[in-house]
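Peer 1: Position one of the sequence shown corresponds to residue 1 (full-length UniProt numbering), numbered consecutively onward.
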Amino acid sequence: MSHVTWLYAVVPADRRPEPRELHDLRGVAAEPLRALSGPGLAVVVGSVPQADFDEGPLHAHLEDPVWLEHAVRAHHRVVEALAGAGPTLPLRFATLYHDDARAQELLRARHDELTEALRRIDGRTEWGVKAYLAGRPSAREEETSPEAADRPGTAYLLRRRAQRQQREETVRQASEDARSVHAQLAGLAAAAALHPLQPAEASGRGEPMVLNGSYLVDHADRKRLEDAVAALADGHPHLRLELTGPWPPYSFADPEEAR
Numbered sequence: 001m002s003h004v005t006w007l008y009a010v011v012p013a014d015r016r017p018e019p020r021e022l023h024d025l026r027g028v029a030a031e032p033l034r035a036l037s038g039p040g041l042a043v044v045v046g047s048v049p050q051a052d053f054d055e056g057p058l059h060a061h062l063e064d065p066v067w068l069e070h071a072v073r074a075h076h077r078v079v080e081a082l083a084g085a086g087p088t089l090p091l092r093f094a095t096l097y098h099d100d101a102r103a104q105e106l107l108r109a110r111h112d113e114l115t116e117a118l119r120r121i122d123g124r125t126e127w128g129v130k131a132y133l134a135g136r137p138s139a140r141e142e143e144t145s146p147e148a149a150d151r152p153g154t155a156y157l158l159r160r161r162a163q164r165q166q167r168e169e170t171v172r173q174a175s176e177d178a179r180s181v182h183a184q185l186a187g188l189a190a191a192a193a194l195h196p197l198q199p200a201e202a203s204g205r206g207e208p209m210v211l212n213g214s215y216l217v218d219h220a221d222r223k224r225l226e227d228a229v230a231a232l233a234d235g236h237p238h239l240r241l242e243l244t245g246p247w248p249p250y251s252f253a254d255p256e257e258a259r
């Protein structure tokens, strides 16, 4: 059976994990893991069946939410275990190479960039802050409310338009406040990143999301960040702030994504 190489994370060469350290870890295809060396760096990889991970089969897998959740969790478990031992640069989910030699070429071709990224995340972890508009009914709730059935046509349409405009203005103002929250949190962090806002189906929340930010924070500044989020939540009662972490620095592995 032919295999391809799935990449998990890059670490400094001086903390290249030994086989015994990887013995109990398994990857996205339940495969054993190993570390490949390059100049000053090492990358942790696994061999996955080519028949399941070529472009076509992989695309089908990525469309399968059950498979995707299992694979993302497996990828994260590997990265999290490595990050617990020292500076770890997570690689993007589904980073695949045809063989180990090409994976090692990554370490040579991007040596300076990867080394700088490892330096940047050393002693730091990622924290996520999401902000939701608190206490506002969704459009669907308004449309199906008991009072709606009793409204005459023209009056109801005018009322619906006014409600929609009010909702849009409320979300706009909340989005401006969320940008202010992000700016203040970014001031406490070594780096910050903004991610696309998640729809309700992805967030699992009925309220609109107005902020989806990540912050690279020194270990020593954890309490400072937590206190800042609490203070910002008190100062913006119309926003519901959600702090998560600490995480491996997924959002800051690629310098192009940090800003």
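Each residue gets a CB set at the ideal place from its N, CA and C atoms; glycine is no exception.
Between the Cα of LEU197 and the Cα atoms of ALA30, LEU185, ALA191 and SER214, which residue gives the shortest distance?
Peer 2: Nearest option by C-alpha distance: SER214.
Peer 1: Just the C-alpha distance for GLU116 and ALA186, rounded to the nearest angstrom, thanks.
Peer 2: Roughly 20 Å separates the two Cα atoms.
Peer 1: When DSSP labels each residue in this structure, what does HIS61 get in the three-state scheme?
Peer 2: HIS61 falls in the helix class under three-state DSSP.
Peer 1: Ordered along the chain, which non-local residues of its own chain (more than five positions away) have a Cβ less than 8 Å from that of ARG240?
Peer 2: Excluding positions up to five away in sequence, the list reads ALA131, TYR132, LEU133, ALA134, GLU207 and ALA233.
Peer 1: Leaving out five residues before and five after GLN50 in sequence, what residues of the same chain have Cβ atoms less than 7 Å from its Cβ?
Peer 2: Here the set comprises SER2, HIS3 and VAL4.
Peer 1: Going along the chain, which residues of its own chain have a beta-carbon closer than 6 Å to the beta-carbon of ARG140, five neighbours each way excluded?
Peer 2: Note that ARG140 scores 47 on pLDDT, short of 50, meaning its location in the model is unreliable and no value can be drawn from it.
Peer 1: Mind checking whether ARG124 and VAL217 have CB atoms under 8 Å apart?
Peer 2: Their beta carbons are under 8 Å apart, which means ARG124 touches VAL217 by this criterion.
Peer 1: Mark GLY204 as exposed unless 16 or more other C-beta atoms lie within 10 angstroms of its C-beta, in which case mark it buried.
Peer 2: Counting Cβ neighbours within 10 Å, GLY204 comes out exposed, since fewer than 16 surround it.
Peer 1: For the pair the segment 174–184 and the segment 235–254, tell me if three or more CB-CB distances fall below 8 Å.
Peer 2: The segment 174–184 is in contact with the segment 235–254.
Peer 1: What separation, rounded to the nearest whole angstrom, lies between the Cα atoms of ALA83 and PRO248?
Peer 2: If you take the alpha carbons of ALA83 and PRO248, they lie about 6 Å apart.
Peer 1: In this structure, how does DSSP classify LEU66 when only helix, strand and coil are distinguished?
Peer 2: First, the amino acid is wrong: residue 66 is Val here, not Leu. Residue state, collapsed to three classes: helix.
Peer 1: Could you give the distance in angstroms between the alpha-carbon of ARG92 and the alpha-carbon of GLN163?
Peer 2: Answer to the nearest angstrom: the Cα atoms are 42 Å apart.
Peer 1: Would you call the segment 3–18 in contact with the segment 38–47, where contact means no fewer than 3 C-beta pairs closer than 8 Å?
Peer 2: Because the criterion of three Cβ pairs below 8 Å is met, the segment 3–18 and the segment 38–47 touch.
Peer 1: On a Cα-Cα basis, can you pick out the residue from ARG222, ARG20, GLY128 and THR154 that is closest to VAL181?
Peer 2: Checking every option, the nearest Cα to that of VAL181 belongs to GLY128.
Peer 1: Over what stretch of residues does the alpha helix (DSSP H) that includes LEU188 continue unbroken?
Peer 2: Here LEU188 belongs to no alpha helix (DSSP H), and DSSP marks it neither H nor E.
Peer 1: Mapping the DSSP letters down to three states, classify ARG140 as helix, strand or coil.
Peer 2: Here ARG140 scores only 47 on pLDDT, less than 50, and its place in the model is too uncertain to base an answer on.
Peer 1: Compute the distance between the beta-carbons of LEU225 and LEU194, then report whether it is under 8 Å.
Peer 2: The answer is no: Cβ separation not under 8 Å.
Peer 1: What three-state label does DSSP hand GLY123 in the structure shown?
Peer 2: Three-state DSSP puts GLY123 in coil, outside helix and strand.
Peer 1: In the structure shown, what three-state DSSP assignment does LEU41 receive?
Peer 2: Residue state, collapsed to three classes: strand.
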